[in-house]
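Number of protein chains: 2
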Amino acid sequence: MVGDRTKLLVDTTRRLLRRGADLHLRKMVNRAHAADLSVVFHALTPQDQKKLFSMIEDPAAKGHLLSDMDEDALFRTIEDLSPEQLVDILETMPTDDVADLLGRLPHEQTEEILKRMNKKGSAEVEDLLRYGDQTAGGIMVPDFVAVKEDATARQAIESLQKEYKDVEMPFYLYVVDEYDRLVGVSSLRQLVLVPPDTPVREFMTRDVLSVRTDMDQEEVAKIVARYDILAVPVVDENNRLVGIVTVDDVLDIIREEATEDFLKMAGVGEEYVETQSVVRSTRIRLPWLFASCMGGIVAFFVISGFESTLERVAYLAAFIPVIMGMGGNIGIQSSTIVVRGLATGRIHLADLSRVVGKELAVGMILGIVYGCLVGLVAGLALPGWQLAAAVGLGVFSAMTVAALVGSMFPLVFFRISIDPAVATGPFVTTSVDILSVFFYFEIATLFLEL
Amino acid sequence: MVGDRTKLLVDTTRRLLRRGADLHLRKMVNRAHAADLSVVFHALTPQDQKKLFSMIEDPAAKGHLLSDMDEDALFRTIEDLSPEQLVDILETMPTDDVADLLGRLPHEQTEEILKRMNKKGSAEVEDLLRYGDQTAGGIMVPDFVAVKEDATARQAIESLQKEYKDVEMPFYLYVVDEYDRLVGVSSLRQLVLVPPDTPVREFMTRDVLSVRTDMDQEEVAKIVARYDILAVPVVDENNRLVGIVTVDDVLDIIREEATEDFLKMAGVGEEYVETQSVVRSTRIRLPWLFASCMGGIVAFFVISGFESTLERVAYLAAFIPVIMGMGGNIGIQSSTIVVRGLATGRIHLADLSRVVGKELAVGMILGIVYGCLVGLVAGLALPGWQLAAAVGLGVFSAMTVAALVGSMFPLVFFRISIDPAVATGPFVTTSVDILSVFFYFEIATLFLEL
Numbered sequence: 000m001v002g003d004r005t006k007l008l009v010d011t012t013r014r015l016l017r018r019g020a021d022l023h024l025r026k027m028v029n030r031a032h033a034a035d036l037s038v039v040f041h042a043l044t045p046q047d048q049k050k051l052f053s054m055i056e057d058p059a060a061k062g063h064l065l066s067d068m069d070e071d072a073l074f075r076t077i078e079d080l081s082p083e084q085l086v087d088i089l090e091t092m093p094t095d096d097v098a099d100l101l102g103r104l105p106h107e108q109t110e111e112i113l114k115r116m117n118k119k120g121s122a123e124v125e126d127l128l129r130y131g132d133q134t135a136g137g138i139m140v141p142d143f144v145a146v147k148e149d150a151t152a153r154q155a156i157e158s159l160q161k162e163y164k165d166v167e168m169p170f171y172l173y174v175v176d177e178y179d180r181l182v183g184v185s186s187l188r189q190l191v192l193v194p195p196d197t198p199v200r201e202f203m204t205r206d207v208l209s210v211r212t213d214m215d216q217e218e219v220a221k222i223v224a225r226y227d228i229l230a231v232p233v234v235d236e237n238n239r240l241v242g243i244v245t246v247d248d249v250l251d252i253i254r255e256e257a258t259e260d261f262l263k264m265a266g267v268g269e270e271y272v273e274t275q276s277v278v279r280s281t282r283i284r285l286p287w288l289f290a291s292c293m294g295g296i297v298a299f300f301v302i303s304g305f306e307s308t309l310e311r312v313a314y315l316a317a318f319i320p321v322i323m324g325m326g327g328n329i330g331i332q333s334s335t336i337v338v339r340g341l342a343t344g345r346i347h348l349a350d351l352s353r354v355v356g357k358e359l360a361v362g363m364i365l366g367i368v369y370g371c372l373v374g375l376v377a378g379l380a381l382p383g384w385q386l387a388a389a390v391g392l393g394v395f396s397a398m399t400v401a402a403l404v405g406s407m408f409p410l411v412f413f414r415i416s417i418d419p420a421v422a423t424g425p426f427v428t429t430s431v432d433i434l435s436v437f438f439y440f441e442i443a444t445l446f447l448e449l
Numbered sequence: 000m001v002g003d004r005t006k007l008l009v010d011t012t013r014r015l016l017r018r019g020a021d022l023h024l025r026k027m028v029n030r031a032h033a034a035d036l037s038v039v040f041h042a043l044t045p046q047d048q049k050k051l052f053s054m055i056e057d058p059a060a061k062g063h064l065l066s067d068m069d070e071d072a073l074f075r076t077i078e079d080l081s082p083e084q085l086v087d088i089l090e091t092m093p094t095d096d097v098a099d100l101l102g103r104l105p106h107e108q109t110e111e112i113l114k115r116m117n118k119k120g121s122a123e124v125e126d127l128l129r130y131g132d133q134t135a136g137g138i139m140v141p142d143f144v145a146v147k148e149d150a151t152a153r154q155a156i157e158s159l160q161k162e163y164k165d166v167e168m169p170f171y172l173y174v175v176d177e178y179d180r181l182v183g184v185s186s187l188r189q190l191v192l193v194p195p196d197t198p199v200r201e202f203m204t205r206d207v208l209s210v211r212t213d214m215d216q217e218e219v220a221k222i223v224a225r226y227d228i229l230a231v232p233v234v235d236e237n238n239r240l241v242g243i244v245t246v247d248d249v250l251d252i253i254r255e256e257a258t259e260d261f262l263k264m265a266g267v268g269e270e271y272v273e274t275q276s277v278v279r280s281t282r283i284r285l286p287w288l289f290a291s292c293m294g295g296i297v298a299f300f301v302i303s304g305f306e307s308t309l310e311r312v313a314y315l316a317a318f319i320p321v322i323m324g325m326g327g328n329i330g331i332q333s334s335t336i337v338v339r340g341l342a343t344g345r346i347h348l349a350d351l352s353r354v355v356g357k358e359l360a361v362g363m364i365l366g367i368v369y370g371c372l373v374g375l376v377a378g379l380a381l382p383g384w385q386l387a388a389a390v391g392l393g394v395f396s397a398m399t400v401a402a403l404v405g406s407m408f409p410l411v412f413f414r415i416s417i418d419p420a421v422a423t424g425p426f427v428t429t430s431v432d433i434l435s436v437f438f439y440f441e442i443a444t445l446f447l448e449l
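So the protein lines, in turn, are chains A and B.
Counting along the first sequence from 1, when you hit position 139 you're at 138 in numbering that gives the first Met the number 0, and nothing is skipped either side.
Counting along the second sequence from 1, when you hit position 446 you're at 445 in numbering that gives the first Met the number 0, and nothing is skipped either side.
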């Protein structure tokens with residue numbers, strides 16, 4: 000059972016660190032699963048992280064930990080390593096993880112490390128570094144199993160046993176022609192089930208799914224998820240097989256992309272990593288709040304324009320929070336539904352009028368319900384039906400406008416190829432704030448003149 | 000290459016439907032990959048969906064489509080099917096998908112369908128239906144490969160070829176003792192690589208990860224992702240092997256859980272599905288907005304308490320949007336970082352003081368920056384330093400409080416076992432609104448009396 004195993008490990012590690020029980024700790028660290036160590040590592044302070052890392056003996060376990068670190072911890076850890084130590088660790092890691100890690104270091108440092116690595120490894124890493132970080136080429140591994148079309152099942156099994164001992168996950172056997180172009184695929188399972196002398200050509204599947212090296216990693220992840228496959232072959236512009244993307248990397252991408260979308264929508268920026276540095280975190284978040292600040296200042300000028308109305312009925316101001324709050328919340332609901340629907344492929348551009356129409360209808364119905372409720376409260380709390388009517392209509396118009404803007408903006412951004420998750424957050428909240436305040440005061444001025 | 004293949008398919012389908020080219024359409028539909036059909040299906044209107052579904056000839060393709068539908072479409076489609084047709088389709092589907100589908104139907108209908116299904120299939124489905132929908136038991140498949148400890152590699156391969164022909168993904172070979180208790184695991188690969196007479200006991204891995212039937216699916220997904228495995232065995236309370244959860248289902252769970260968290264944070268509710276019904280959508284969203292409405296009404300009473308201050312300086316009201324906006328936005332930033340950090344396991348309860356402390360520091364720095372900026376605008380636009388100072392301090396206090404509340408609430412909810420994603424949305428925004436308005440008017444009253 001796994002369950003609380005990592006929690007226990009974290010607690011034990013902390014206790015041993017506190018007690019300075021280095022001998023015990025060293026023993027435990029070197030017995031633990033690399034994936035568990037990674038969880039423990041994240042839960043420690045920088046000093047303790049350093050200590051833990053130095054206790055690990057197996058370079059492969061160190062490698063696993065390195066590829067799982069956030070940037071702050073990575074730079075701190077690498078600083079303490081000699082180039083020889085780092086190369087020892089890198090040579091135990093899968094090529095895609097090495098490329099990923101080196102891609103995060105300064106250019107000169109990368110060059111120096113590549114020079115020190117063994118020829119084959121460094122050539123493979125350099126190949127991967129040529130591709131964009133977030134493309135199929137950047138996330139693929141070159142460790143696939145490929146045989147020629149005329150090999151038999153027995154020959155294929157033999158080459159598995161000899162040539163491909165180091166391949167991480169040999170679940171598919173790719174079949175290539177004389178120019179290394181991908182022509183088919185077979186599973187390890189089929190290989191075991193057919194008579195040993197059958198040529199691969201006869202039982203391979205010809206309709207093989209593949210992706211191009213330049214495909215975005217999010218697309219690649221969608222394909223692997225949609226077709227329930229364990230790996231997808233990556234081909235170059237000539238349909239030559241150059242690597243595979245495996246399902247374990249796809250899992251990480253899906254989580255990563257979801258986290259990115261969360262942070263983007265909250266306006267914490269695409270590049271945000273779990274940094275422990277206050278200064279860095281502040282710098283990342285500052286510009287995102289600027290849009291909201293400008294919006295607020297515009298709202299100030301809008302309201303200032305209604306100064307005479309406000310001076311006649313000061314109570315009008317007391318309803319600004321409820322109007323902004325209701326508009327803001329329904330706007331977030333609508334935009335989240337659309338942004339997430341676009342990301343998961345459940346909503347398409349062709350649905351624009353249907354989706355916006357539905358959100359508008361929902362916004363109007365909810366606007367009537369809450370407009371009446373808030374209007375009633377206003378009518379009971381304060382004298383004069385005009386104020387109550389203005390407040391009720393203000394809530395209604397804010398919610399209607401917010402549902403419209405919240406559902407339309409992401410679709411429009413998507414249409415003009417701007418990431419809807421990035422643009423939606425600040426744009427929707429800011430424009431909803433300004434519009435709802437404007438309509439509210441327009442309506443109030445009208446009614447109070449009655 | 001996959002790339003735009005599905006987009007093309009959607010466009011072609013729509014064109015053929017518009018032209019009424021049924022013969023062409025039928026041919027295309029029956030040649031398409033089931034996963035592609037599913038994408039096409041989602042993009043169509045209900046009437047067209049009906050037409051498309053009726054054209055599919057292969058019951059397995061129909062089954063794939065059914066398990067991928069949202070609830071509205073599912074109910075509409077099932078209504079049109081006779082019980083015999085439905086059973087034919089269900090018998091082509093993996094057991095976990097059948098259980099999942101039947102779990103969404105009314106109880107009597109489920110009973111009737113189970114009666115009509117073949118014995119073995121219905122018994123397996125009933126087994127799965129006993130477990131909670133979102134637990135390891137509810138998502139596992141009973142199709143695993145298990146051999147006794149004393150079997151040889153050759154015997155294991157033979158039983159693969161005979162007994163386990165139907166197993167979906169036989170990548171791991173589980174080893175059990177005489178009481179069917181899980182004792183080890185071996186990969187198909189090891190099986191092929193060792194000499195055929197080696198007993199499984201000798202090369203199996205004894206340290207086998209497993210999960211209990213009642214473990215939450217989110218935990219199961221985390222484990223599969225963390226240890227990079229293709230399937231995890233599920234055991235009952237006596238450690239007897241009862242099923243496996245495969246990585247393809249884990250991929251779906253990770254996406255599903257991310258979507259759920261998005262919708263929960265936006266206050267669209269856990270149960271929200273992409274429904275096309277306005278009434279249903281309104282009903283789901285109505286209660287979530289109630290919290291925000293109550294918060295707005297409380298803010299109204301708070302501001303009403305400062306009536307005399309407001310009557311002296313009507314311009315105070317004009318800064319309510321910028322103060323609420325800045326507080327709200329930084330509150331969302333902080334709470335998103337914490338909620339997502341808790342969900343991905345990057346933030347732990349033990350980090351409470353560190354995380355909240357950091358967010359508070361960031362909130363104060365950003366509060367000083369934007370407090371000065373907004374204060375400056377107020378000072379330039381309006382006479383009197385008191386108002387400018389009050390507005391600047393109002394922004395500062397709103398942002399500080401929001402960062403504190405936004406980071407603390409999710410951790411507190413997590414501590415008392417309430418899902419932070421559900422509670423955070425309405426709680427954080429509502430309390431930030433009330434608190435920031437209150438502090439602003441307190442500060443303003445103080446300064447304007449100077």
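C-beta atoms are modelled at their ideal positions from N, C-alpha and C, and glycine is treated no differently.
These numbers were taken from a predicted model, which means no experiment stands behind them.
- Between B:Ser430 and chain A, the shortest Cβ-Cβ separation is not below 9 Å.
- Within the region 179-245 of chain B, the runs of beta strand (DSSP E) at least 3 residues long that lie entirely inside it are, in chain order, 181-186, 230-234 and 240-245.
- For B:Tyr173, the enclosing beta strand (DSSP E) begins and ends at Tyr171 to Val175.
- Counting along the chain, no alpha helix (DSSP H) covers A:Val312, and no H or E run does either.
- Counted as a single uninterrupted DSSP element, the stretch harbouring A:Ala316 is not any alpha helix (DSSP H), since DSSP gives it neither H nor E.
- For A:Ile228, the closest alpha carbon among the candidates A:Phe300, A:Leu113 and A:Val207 is that of A:Val207.
- The shortest C-alpha to C-alpha distance from B:Asp179 to any of B:Val368, B:Val234 and B:Ser303 is the one to B:Val234.
- Inter-segment contact for the region 433-443 of chain B and the region 354-374 of chain B is absent: fewer than three beta-carbon pairs are separated by less than 8 Å.
- Taking a beta-carbon distance threshold of 9 Å, A:Tyr173 does not count as an interface residue toward chain B.
- Of the residues A:Ala224, A:Asp260 and A:Arg353, the one whose Cα lies closest to the Cα of B:Ala42 is A:Arg353.
- Under the Cβ distance rule, B:His106 does not count among the residues neighbouring chain A, no pair being separated by less than 9 Å.
- Runs of the beta strand (DSSP E) lying entirely within the region 70-156 of chain A and spanning at least 3 residues, in chain order: 145-147.
- A:Phe202 sits away from B:Thr335, with the two beta carbons spaced by 9 Å or more.
- Assigned with DSSP and collapsed to three states, A:Arg345 falls in coil, not helix or strand.
- Look at A:Gly295: its C-beta is under 9 Å from a C-beta on chain B.
- Within chain B, the residues placing a beta-carbon under 8 Å from that of A:Thr343 are Arg254 and Thr258, ordered along the chain.
- Between A:Leu434 and A:Val404, the C-beta gap is smaller than 9 Å, which places the two residues in contact.
- A Cβ of chain A is located within less than 9 Å of the beta carbon of B:Cys292.
- DSSP places A:Pro45 in the helix class (H, G or I) of the three-state scheme.
- Between B:Thr76 and B:Val124, the C-beta spacing is not below 9 Å.
- DSSP places A:Glu162 in no alpha helix (DSSP H); its state is neither H nor E.
- Inter-segment contact for the region 292-304 of chain A and the region 367-385 of chain A is absent: fewer than three beta-carbon pairs are separated by less than 8 Å.
- The C-alpha of B:Asp142 lies about 18 Å from the C-alpha of B:Gly62.
- Taking a cut-off of 8 Å on C-beta distances, the region 313-330 of chain B touches the region 320-328 of chain A, as three or more cross pairs fall below it.
- The CB of B:Tyr369 comes closer than 8 Å to the CB of Leu288 and Cys292 in chain A, given here in chain order.
- Assigned with DSSP and collapsed to three states, B:Leu7 falls in helix.
- In the assembly as shown, B:Lys357 is a buried residue. Its beta-carbon has 16 or more other beta-carbons within 10 Å.
- A distance below 9 Å separates the beta carbons of A:Pro232 and A:Ser209.
- When Cβ-Cβ separations below 9 Å define contact, B:Ile55 makes no contact with chain A.
- In its chain, beyond the 5 residues on either side, Ala290, Ser291 and Gly294 have a beta carbon closer than 7 Å to the beta carbon of B:Thr429.
- Contact of B:Thr335 with chain A is assigned, a C-beta pair being separated by under 9 Å.
- For the pair B:Lys50 and B:Leu16, the CB atoms are nearer than the 9 Å cut-off.
- Sequence-distant partners of B:Ala220 (beyond 5 residues in either direction) whose C-beta falls short of 6 Å from its own C-beta, in its chain, are Val249, Ile252 and Ile253.
- Secondary structure of B:Ser276 (DSSP, three-state): coil.
- Annotated three-state conformation of A:Ser416 is coil, per DSSP.
- Contact of A:Met325 with chain B by beta-carbon distance below 8 Å involves Leu288, Ser291, Cys292 and Gly295.
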